[in-house]
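Chemist: Attaching a single structure in structure tokens format; questions to follow.
Number of protein chains: 2
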Amino acid sequence: MADELSKVFAALADPTRRDIVARLASGDATVTQLAAPYEVSVQAISKHLRVLEDAGLVTKTKEAQRRPVHLEAEVFDLMTKWIERYRQQAEQRYQRLDAVLAELTEENEGKGQAS
Amino acid sequence: MADELSKVFAALADPTRRDIVARLASGDATVTQLAAPYEVSVQAISKHLRVLEDAGLVTKTKEAQRRPVHLEAEVFDLMTKWIERYRQQAEQRYQRLDAVLAELTEENEGKGQAS
DNA sequence: ACGCTTGTCAACCTCTTGGTTGAGTACGAA
DNA sequence: TTCGTACTCAACCAAGAGGTTGACAAGCGT
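Chains as they are written, first to last, in my numbering: chain A, 1 to 115; chain B, 116 to 230.
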């Protein structure tokens with residue numbers, strides 16, 4: 001796949017992966033610990049983790065046979081920045097429209113017309 | 116597909132769709148206007164717009180033959196809330212770890228050990 | 001009434017995704 | 001050294017995503 005942002009959004013588009021992120025937010029966990037709550041195979045969860053890792057949302061470290069998974073918070077900033085940029089612009093436009101509508105209402109105030 | 120959040124993330128996982136969102140942030144546009152910059156067919160863009168619409172990121176209105184597309188800012192809040200929840204938790208844990216490490220360093224200060 | 005513009009629907013193709021099972025590696029415990 | 005645990009790799013499969021082309025509907029302008 002292509003750019004960082006696409007990978008991050010794609011990774012979080014899956015409910016299972018969002019769930020995993022949610023659990024990692026309260027502490028690191030190994031692959032089998034993460035796989036336990038789900039009905040799917042451990043391999044499937046391993047694949048999910050690789051997607052999260054490729055997106056930079058998560059890192060794996062070695063500890064004997066275990067691979068504790070750790071949530072990386074920094075990548076969230078990338079998303080937040082992207083979102084905020086366009087959310088704010090859209091909201092400003094919305095408020096500008098509000099202002100225009102308010103003006104139009106004022107102008108028509110004496111004319112008794114409010115289509 | 117399933118839940119709202121999954122649809123929103125999936126919609127924004129595509130660079131073309133993020134690009135469309137970016138352009139819509141500075142004003143509404145018709146389907147052909149939105150399709151113009153890209154090499155793909157108008158139908159492809161129409162599909163992209165339906166994905167964005169299903170995710171609630173965008174609305175279409177009728178205006179003669181044209182279908183002006185409008186960016187809906189509210190849905191971004193859903194994402195922002197989800198992201199912020201886990202980002203903050205992860206950051207807090209990180210800072211707590213920092214504090215623990217600082218304590219450990221202090222304790223070892225007189226012993227000349229700094230592995 | 002006719003044609004042009006705008007947009008969607010439908011069928012099709014290819015690549016990706018999320019899942020499976022089976023085998024293999026790496027390591028600690030006995 | 002042998003066994004069990006933890007995890008990954010590889011091959012495979014069904015379903016979905018993004019693209020194409022072709023046909024069609026809906027409106028405006030002449």
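Think of the CB as a built atom: it goes at the ideal place given N, C-alpha and C, for glycine as much as any other residue. Everything numeric in this text was worked out from a predicted model, so none of it was measured.
On the CB-based measure, 16 or more other CB atoms within 10 Å of its CB, does lysine 196/B come out buried or exposed?
Modeler: Within the second sequence, residue 196/B is the residue found at index 81, counting from 1. When all chains shown are included, lysine 196/B counts as exposed.
Chemist: Do leucine 186/B and alanine 140/B have their CB atoms nearer than 8 Å?
Modeler: In the second sequence, counting from the first residue as 1, residue 186/B sits at position 71. In the second sequence, counting from the first residue as 1, residue 140/B sits at position 25. Yes, these two residues count as a Cβ contact at 8 Å.
Chemist: Which class does lysine 175/B belong to by DSSP, given the choice of helix, strand or coil?
Modeler: Position 60 of the second sequence, counting from 1, holds the residue named residue 175/B. Lysine 175/B: strand per DSSP, three-state reduction.
Chemist: Whose Cβ in chain A lies nearer than 8 Å to the Cβ of threonine 195/B?
Modeler: Here residue 195/B refers to the residue found at position 80 when the second sequence is read from its first residue. Ordered by position in chain A, the residues that pass the 8 Å Cβ test against threonine 195/B are Thr80, Ile83, Glu84, Arg87.
Chemist: Between valine 136/B and chain A, is there a C-beta pair that is closer than 8 Å?
Modeler: Position 21 of the second sequence, counting from 1, holds the residue named residue 136/B. Chain A contact via Cβ: present.
Chemist: Strictly under 8 Å for the Cβ-Cβ distance: is glutamate 91/A near chain B by that measure?
Modeler: Counted from its first residue, the first sequence places residue 91/A at position 91. Output row for glutamate 91/A: interface = yes.
Chemist: From Pro37/A, Val31/A, Ala36/A, Thr61/A, pick the residue whose C-alpha is nearest to that of lysine 47/A; which is it?
Modeler: The sequence position of residue 47/A within the first sequence is 47, counting from 1. The shortest C-alpha separation from lysine 47/A is found at Val31/A.
Chemist: With 8 Å as the threshold, decide whether the Cβ of alanine 2/A is near any Cβ in chain B.
Modeler: Within the first sequence, numbered from 1, the residue matching residue 2/A stands at position 2. Taking Cβ atoms only, chain B reaches closer than 8 Å to alanine 2/A, which makes this a yes.
Chemist: With a cut-off of 8 Å, does the C-beta of proline 183/B fall near any C-beta of chain A?
Modeler: Along the second sequence, read from residue 1 onward, the residue named residue 183/B stands at position 68. Judged by the 8 Å Cβ criterion, proline 183/B is not in contact with chain A.
Chemist: For the region 14-44 of chain A, enumerate the residues whose C-beta is nearer than 8 Å to any C-beta of chain B, in chain order.
Modeler: Correct list: Asp14, Pro15, Arg18, Val21, Ala22, Leu24, Ala25, Ser26, Gly27.
Chemist: Cβ closer than 7 Å: which chain A residues qualify as neighbours of alanine 188/B?
Modeler: By one-based count along the second sequence, residue 188/B stands at place 73. Near alanine 188/B (Cβ distances below 7 Å), the residues of chain A are Arg87, Ala90, Glu91, Tyr94.
Chemist: How far does the beta strand (DSSP E) with valine 123/B in it reach, from first residue to last?
Modeler: Taking the first residue of the second sequence as 1, we reach residue 123/B at position 8. Where valine 123/B is concerned, there is no enclosing beta strand (DSSP E), although the alpha helix (DSSP H) it sits in stretches over 119-127.
Chemist: Would you be able to state if there are at least three C-beta pairs under 8 Å between the region 54-71 of chain A and the region 168-179 of chain B?
Modeler: Segments in contact, no.
Chemist: If you measure between the beta carbons of valine 8/A and leucine 34/A, is that distance less than 8 Å?
Modeler: Within the first sequence, residue 8/A is the residue found at index 8, counting from 1. Within the first sequence, residue 34/A is the residue found at index 34, counting from 1. Their beta carbons are not under 8 Å apart, which means valine 8/A does not touch leucine 34/A by this criterion.
Chemist: Hey, could you find the ends of the beta strand (DSSP E) valine 69/A is sitting in?
Modeler: Looking up residue 69/A in the first sequence gives position 69. 69-71 is the span of the beta strand (DSSP E), which, as asked, contains valine 69/A.
Chemist: Once you ignore the five residues that flank aspartate 169/B on each side, which residues in its own chain have a CB closer than 7 Å to its CB?
Modeler: Taking the first residue of the second sequence as 1, we reach residue 169/B at position 54. Excluding residues within five positions, the ones whose Cβ falls inside 7 Å are Lys122.
Chemist: Say whether chain A places a C-beta atom closer than 8 Å to the C-beta of serine 161/B.
Modeler: What you label residue 161/B is simply residue 46 of the second sequence in a count that begins at 1. Chain A, which has no Cβ nearer than 8 Å to the Cβ of serine 161/B, makes this no.
Chemist: Pick helix, strand or coil for alanine 35/A, following the three-state DSSP scheme.
Modeler: Translated into the one-based positions of the first sequence, residue 35/A becomes position 35. Looking at alanine 35/A - three-state DSSP - the assignment turns out to be helix.
Chemist: Does the beta-carbon distance from proline 152/B to aspartate 3/A come in below 8 Å?
Modeler: The sequence position of residue 152/B within the second sequence is 37, counting from 1. The sequence position of residue 3/A within the first sequence is 3, counting from 1. Result no, Cβ atoms of proline 152/B and aspartate 3/A do not sit closer than 8 Å.
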